[in-house]
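Residues in the sequence shown are numbered from 2 upward in steps of one, following this note's numbering.
Here a beta-carbon is modelled for each residue, glycine too, at the ideal position from N, C-alpha and C.
Written out below as structure tokens is the structure these notes cover.
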Amino acid sequence: MWAYVDETGNTLNNLFDEDQPLFCTAAFITKTNFDLVAKANISAIAKKVGVAALHANVLGVAKIEQIAPDLLKLLKKTECRFFVSRVEKKYLAACKVVDVYFDQGENKAVPWSVYWIRQLRLLLTFKMAKFVVTPEIAAIVWDCVTARSDFTSKKHFVQAAEAMLHNVQFVPDARSRKIITDALEWAIENPEEFSTHMSKKALRYQHSPNFVAFTNLLDGLQDASERWKRSVREIVHDAQAEVEQVFATWHANISKPELANVEPLSWPGESKPFMVQKVTGSTFRTATEEESAGLQVIDVVLWCFMRIFSGKEIGQEAGKLLNWITHRAYQHDFSFEGVGRRVEAEIGKIMDSDMTEEQLAKGHKLNTEMEAQRQALVAAHSVRKAGEDIEDVKRW
Numbered sequence: 002m003w004a005y006v007d008e009t010g011n012t013l014n015n016l017f018d019e020d021q022p023l024f025c026t027a028a029f030i031t032k033t034n035f036d037l038v039a040k041a042n043i044s045a046i047a048k049k050v051g052v053a054a055l056h057a058n059v060l061g062v063a064k065i066e067q068i069a070p071d072l073l074k075l076l077k078k079t080e081c082r083f084f085v086s087r088v089e090k091k092y093l094a095a096c097k098v099v100d101v102y103f104d105q106g107e108n109k110a111v112p113w114s115v116y117w118i119r120q121l122r123l124l125l126t127f128k129m130a131k132f133v134v135t136p137e138i139a140a141i142v143w144d145c146v147t148a149r150s151d152f153t154s155k156k157h158f159v160q161a162a163e164a165m166l167h168n169v170q171f172v173p174d175a176r177s178r179k180i181i182t183d184a185l186e187w188a189i190e191n192p193e194e195f196s197t198h199m200s201k202k203a204l205r206y207q208h209s210p211n212f213v214a215f216t217n218l219l220d221g222l223q224d225a226s227e228r229w230k231r232s233v234r235e236i237v238h239d240a241q242a243e244v245e246q247v248f249a250t251w252h253a254n255i256s257k258p259e260l261a262n263v264e265p266l267s268w269p270g271e272s273k274p275f276m277v278q279k280v281t282g283s284t285f286r287t288a289t290e291e292e293s294a295g296l297q298v299i300d301v302v303l304w305c306f307m308r309i310f311s312g313k314e315i316g317q318e319a320g321k322l323l324n325w326i327t328h329r330a331y332q333h334d335f336s337f338e339g340v341g342r343r344v345e346a347e348i349g350k351i352m353d354s355d356m357t358e359e360q361l362a363k364g365h366k367l368n369t370e371m372e373a374q375r376q377a378l379v380a381a382h383s384v385r386k387a388g389e390d391i392e393d394v395k396r397w
């Protein structure tokens with residue numbers, strides 16, 4: 002199968018543009034090489050409105066309304082599906098705060114379950130976003146992870162942690178206040194233990210909505226591949242100069258054929274094992290709309306979707322086109338609303354179920370063991386750090 006991918010704009014690490022709260026990536030997925038089999042058809046549709054290639058921003062609502070019936074007729078003859086990955090930038094900022102300060106692999110004061118069990122990590126993310134993280138704090142954390150130097154990164158790291166510590170008082174439950182306070186105090190005392198800085202500019206783009214949407218997209222393509230029982234042959238992405246290499250490198254790393262034999266990872270709280278490899282054996286290239294009929298299709302489709310997401314109107318014929326596509330589309334919604342809906346459904350099943358005395362006893366035992374482990378890690382780190390301080394004094 003083939004996938005033709007476009008995104009809504011070169012947002013990169015400009016996360017706080019109020020005029021662009023969402024970032025989207027979309028894919029047009031086909032069982033045949035659409036660029037080869039439909040090049041003449043797309044060219045004819047473009048000529049109908051006096052252009053050489055379909056660019057939705059150039060066409061606007063009126064001309065898209067003219068060509069929508071022709072596009073729909075062509076797509077109905079094409080065995081195809083669509084995938085849309087939506088990223089809410091404010092939600093991404095909240096997730097970044099939790100990943101920076103509460104990663105239990107770096108912050109020894111964080112209980113293992115709070116970060117590594119996905120549902121608990123997401124509950125923490127929602128609490129932090131609602132009660133602790135202000136827009137100003139989120140911006141400081143973003144400056145921390147995108148800073149050009151480690152010195153500047155760590156300065157922002159401590160500054161944001163101190164600001165969040167002041168807001169912990171607003172968290173309604175005592176257990177969460179304790180967890181967050183311990184984590185932030187430990188972070189302020191031990192900033193050197195956190196990998197907040199990436200030296201290469203290209204690597205810092207891995208924080209961007211572009212990259213998050215792209216990784217979600219690859220998950221979507223993998224799911225489509227499994228449904229169709231067909232391997233992904235080629236991914237054609239709209240040319241984006243600054244992130245092309247980042248995308249290409251990530252794709253190359255996770256699509257290696259040798260990863261096909263790697264055992265899936267079983268994760269606590271997850272019913273489906275985590276697959277290390279995605280879109281195995283596929284190729285990745287970039288192109289312009291002029292070079293790809295498939296990219297012209299997804300350019301128009303994504304533009305229409307974004308107007309709907311933004312509360313803007315599209316024409317009646319474009320609406321028919323989008324309605325047909327929606328019934329053949331998969332969506333990944335990386336937003337407070339979308340993720341919250343999924344987590345509520347998952348946790349609701351647990352909260353609505355009765356627990357036996359045996360299950361409660363096992364839970365208490367596990368919590369006790371994890372707390373003992375957490376305290377041991379904190380103590381061991383304190384001993385090691387004290388020893389390093391003594392050695393520094395001796396050298397003086």
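Please classify residue i as buried or exposed, where buried requires at least 16 neighbouring CB atoms within 10 angstroms.
i, result
"Ile351", "exposed"
"Trp268", "exposed"
"Asp20", "exposed"
"Gln385", "Before going on, a small fix: residue 385 reads as Arg here, not Gln. It counts as exposed."
"Ala373", "exposed"
"Arg82", "buried"
"Val263", "exposed"
"Arg176", "exposed"
"Val277", "exposed"
"Leu37", "exposed"
"Pro210", "buried"
"His365", "exposed"
"Leu75", "buried"
"Arg149", "exposed"
"Arg228", "exposed"
"Thr26", "buried"
"Leu125", "buried"
"Asn324", "exposed"
"Phe35", "buried"
In whole angstroms, what separates the C-alpha of residue i from that of residue j?
i, j, result
"Glu291", "Asp224", "29 Å"
"Gly51", "Ser44", "10 Å"
"Lys363", "Val101", "31 Å"
"Leu23", "Val88", "6 Å"
"Ala253", "Val247", "10 Å"
"Phe285", "Asp18", "30 Å"
"Lys90", "Lys48", "37 Å"
"Leu204", "Glu359", "48 Å"
"Leu185", "Gln317", "53 Å"
"Ala110", "Ala162", "14 Å"
"Lys260", "Ser272", "In the sequence as presented, Lys is not what sits at residue 260; that position holds Leu. Their backbone Cα atoms lie some 21 Å apart in a straight line."
"Ala377", "Trp187", "14 Å"
"Lys128", "Ala54", "47 Å"
"Val133", "His56", "42 Å"
Put residue i into one of helix, strand or coil per three-state DSSP.
i, result
"Val237", "strand"
"Glu89", "strand"
"Ile118", "coil"
"Phe285", "strand"
"Glu481", "Since the first residue shown for the chain is 2 and the last is 397, residue 481 is missing from the structure and cannot be characterised."
"Arg329", "coil"
"Ile315", "coil"
"Thr153", "helix"
"Glu8", "strand"
"Phe335", "strand"
"Phe17", "coil"
"Leu204", "helix"
"Trp3", "strand"
"Phe35", "helix"
"Thr182", "helix"
By Cβ distance, which residues of its chain are closer than 6 Å to residue i, with the 5 residues on each side in sequence left out?
i, result
"Ala240", "Thr287, Thr289"
"Ile181", "Val169"
"Arg231", "Met2"
"Gln67", "Val50"
"Val244", "Tyr206, Asn211"
If you drop the 5 nearest sequence neighbours on each side, which residues of the same chain put their C-beta closer than 8 Å to that of residue i?
i, result
"Glu80", "Thr31, Lys32, Thr33"
"Leu72", "Ile46, Val298, Val301, Leu322"
"Lys40", "Ala294"
"Cys96", "Thr126"
If I measure Cβ to Cβ from residue i and keep anything under 7 Å in the same chain, skipping five residues before and after, which residues do I get?
i, result
"Met371", "Pro112, Trp113, Ser114"
"Leu296", "Tyr5, Asp7, Val237, Asp239, Ala288, Glu290"
"Leu121", "Ser114, Val115"
"Ala140", "Phe17"
"Thr9", "Phe24, Cys25, Leu303, Met307"
"Asn217", "Ser86, His333, Phe335"
"Met165", "Val133, Val134, Ile138, Leu185"
"Val409", "Residue 409 lies beyond the stretch modelled for the chain, which goes from 2 to 397, so this question has no answer here."
Is the segment 110 to 123 touching the segment 145 to 157 in the sense that three or more CB pairs, one from each, lie closer than 8 Å?
no
Pair every Cβ in the segment 102 to 110 with every Cβ in the segment 323 to 341, then say whether three or more of these pairs are closer than 8 Å.
Touching, no.
Can we say the segment 230 to 250 touches the segment 292 to 305, given the rule of at least three CB pairs closer than 8 Å?
yes
Would you be able to state if there are at least three C-beta pairs under 8 Å between the segment 51 to 69 and the segment 190 to 200?
Contact between the segment 190 to 200 and the segment 51 to 69 is absent, with fewer than three C-beta pairs closer than 8 Å.
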